[in-house]
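A.B. asks:
Residue numbers (mature numbering (1 follows the signal peptide of the UniProt record, and there is no 0)): -18 to -1, 1 to 271.
1) Name the DSSP beta bridge partners of residue 95, please?
2) Which residues bound the beta strand (DSSP E) around residue 191?
3) Within the same chain, show all residues whose beta-carbon is closer than 7 Å to that of residue 3, passing over the 5 residues directly before and after it, in chain order.
4) I need the straight-line Cα distance from residue 213 to residue 146, nearest angstrom please.
5) In whole angstroms, what is the alpha-carbon distance linking residue 177 and residue 209?
6) Using the DSSP secondary-structure output, state which residues sit across from residue 40 in a beta bridge.
7) Assuming the contact rule is C-beta atoms closer than 8 Å, residue 29 and residue 219 should be a hit. Round their C-beta distance to whole Å, please.
8) Residue range of the beta strand (DSSP E) that residue 237 falls in?
9) Cα separation between residue 182 and residue 190?
10) Sorted by chain position, which residues of the same chain lie with C-beta nearer than 7 Å to residue 129's C-beta, five sequence neighbours on each side aside?
11) Is DSSP giving residue 101 helix, strand or coil here?
12) Nearest to residue 125 by CA position, among 161, 166 and 194, is which residue?
13) I'd like to know whether the C-beta atoms of residue 107 and residue 159 end up nearer to each other than 7 Å.
14) Only counting the same chain, and skipping five residues up and downstream in sequence, which positions put a Cβ closer than 6 Å to that of residue 232?
15) Measuring straight from C-alpha to C-alpha, what distance separates residue 244 and residue 84?
16) Kindly indicate which three-state DSSP category residue 8 falls into: helix, strand or coil?
17) Where does residue 211 fall in DSSP's three states?
18) Return helix, strand or coil for residue 3, following the three-state DSSP convention.
19) Among 38, 93 and 37, which one has its Cα closest to the Cα of residue 16?
20) Excluding five sequence neighbours on each side, which residues of the same chain lie with their C-beta closer than 8 Å to the C-beta of residue -15?
21) Please name the residue in 68, 200, 132 and 113 whose C-alpha comes closest to that of residue 161.
22) In this structure, what does DSSP give as the bridge partners for residue 70?
23) Have a look at residue 173 and residue 96 and give me their C-alpha separation to the nearest angstrom.
Following this line, the structure appears as structure tokens:
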């Protein structure tokens, strides 16, 4: 009964936060913005590019697959982007990350929003005690995020822009079979939340939005874990819309899907051992081990 007295008000508060009308969002807030979206040849990054394009942003897209990038850029132009460009880059190479920002400045003349979305260098399965996969994951999923931020910081401060960082529940709740990925996402959360606080204390106007995502129906995610977990994926199109909106409005955090993630985080603080057991039921071990 005592626990219910805690949980029920929390759920009511969450509902009020989710449904209460917040800041007004409109396409005019995006029109003319100069946006760099990493990992934008497919998945959530591709869908975010289309959202920005519909509202008239100037876009720089980057990923490893040139043919797919070319198609996404063409569609962005058809959807109404003020301009759309791409640069091929492998974020396992930190020099390439620097060059992406240089190309963005050359093509767009500056930068208003940096969207750090790319992912790679990981696989879903048991940890095999090797350091190489951890190094690879940290390079692609963390160090390149840091390098892009360092390279873009002066441009963003000059334009009074902002950063949107795509994180994951794996960076909030440690789970099995994605150890290297979780390590990188915990590092991402630590770096960018610490940086956000430091910038505020130094009176430097550079807001950072952290988007915490669950299982989304991207081709990569479904191929990686589709037959290994019991959870159903949420739509990437709606996910992208929520992230774009939250980033433009400069929210501190975006959770998607909200009702699957936010209560889980709260319950885990209250009942950590029980929640660890519950999370364990979500894996099809016969397809993993």
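C-beta: ideal position from N, C-alpha, C; glycine also.
C.D. replies: Reading from the atomic positions:
1) Within the chain shown, numbered from 1, the residue matching residue 95 stands at position 113. Per DSSP, 17 and 144.
2) Against the chain shown, residue 191 aligns to sequence position 209. Taken as a continuous stretch (DSSP letters only), the beta strand (DSSP E) holding residue 191 covers 190 to 195.
3) Translated into positions along the chain shown, residue 3 becomes position 21. At residue 3 the pLDDT is 46, less than 50, meaning the model places this residue with poor confidence and gives no usable figure here.
4) Translated into the one-based positions of the chain shown, residue 213 becomes position 231. Translated into the one-based positions of the chain shown, residue 146 becomes position 164. Each residue's alpha carbon lies about 26 Å from the other.
5) By one-based count along the chain shown, residue 177 stands at place 195. By one-based count along the chain shown, residue 209 stands at place 227. Rounded to whole angstroms, residue 177 to residue 209 spans 37 Å at the Cα level.
6) Taking the first residue of the chain shown as position 1, residue 40 is located at position 58. Answer by DSSP bridge pairing, in chain order: 16 and 65.
7) The residue given as residue 29 occupies position 47 in the chain shown. The residue given as residue 219 occupies position 237 in the chain shown. About 5 Å; that satisfies the 8 Å criterion.
8) Translated into positions along the chain shown, residue 237 becomes position 255. Residues 235 to 238.
9) Translated into positions along the chain shown, residue 182 becomes position 200. Translated into positions along the chain shown, residue 190 becomes position 208. Residue 182 and residue 190: Cα-Cα distance of roughly 10 Å.
10) Taking the first residue of the chain shown as position 1, residue 129 is located at position 147. Taken in chain order, the residues that qualify are 76, 79 and 80.
11) As a working mapping, residue 101 is identified with position 119 in the chain shown. Residue 101: coil per DSSP, three-state reduction.
12) In the chain shown, the residue the question calls residue 125 occupies position 143. When C-alpha distances from residue 125 are compared across 161, 166 and 194, the shortest belongs to 166.
13) Residue mapping note: residue 107 aligns to position 125 of the chain shown, counting from 1. Residue mapping note: residue 159 aligns to position 177 of the chain shown, counting from 1. Residue 107 is a Cβ neighbour of residue 159, given a cutoff of 7 Å.
14) Walking along the chain shown from the start, residue 232 turns up at place 250. Excluding residues within five positions, the ones whose Cβ falls inside 6 Å are 144 and 189.
15) In the chain shown, residue 244 corresponds to position 262, counting from 1. In the chain shown, residue 84 corresponds to position 102, counting from 1. Distance between residue 244 and residue 84, taken at the CA atoms: about 37 Å.
16) Residue mapping note: residue 8 aligns to position 26 of the chain shown, counting from 1. Of the three classes helix, strand and coil, the one that applies to residue 8 here is coil, per DSSP.
17) As a position in the chain shown, residue 211 is number 229, starting the count at 1. Three-state result, residue 211: strand.
18) In the chain shown, residue 3 corresponds to position 21, counting from 1. Low confidence applies to residue 3: its pLDDT is 46, below 50, so where it sits in the model is not reliable enough to give any reading.
19) Taking the first residue of the chain shown as 1, we reach residue 16 at position 34. Of the candidates 38, 93 and 37, 93 places its Cα closest to the Cα of residue 16.
20) Sequence index remark: in the chain shown, residue -15 carries index 4 (1-based). Because the pLDDT at residue -15 is just 46, under 50, the model does not fix this residue reliably, and the value given afterwards should be weighed accordingly. In its own chain, leaving out the 5 sequence neighbours on each side, no residue places its CB closer than 8 Å to the CB of residue -15.
21) What you label residue 161 is simply residue 179 of the chain shown in a count that begins at 1. When the alpha-carbon of residue 161 is set against those of 68, 200, 132 and 113, the nearest one is in 113.
22) For this step, residue 70 is matched to residue 88 along the chain shown. Paired residues: 45.
23) Numbered from its first residue, the chain shown carries residue 173 at position 191. Numbered from its first residue, the chain shown carries residue 96 at position 114. Their backbone Cα atoms lie some 16 Å apart in a straight line.
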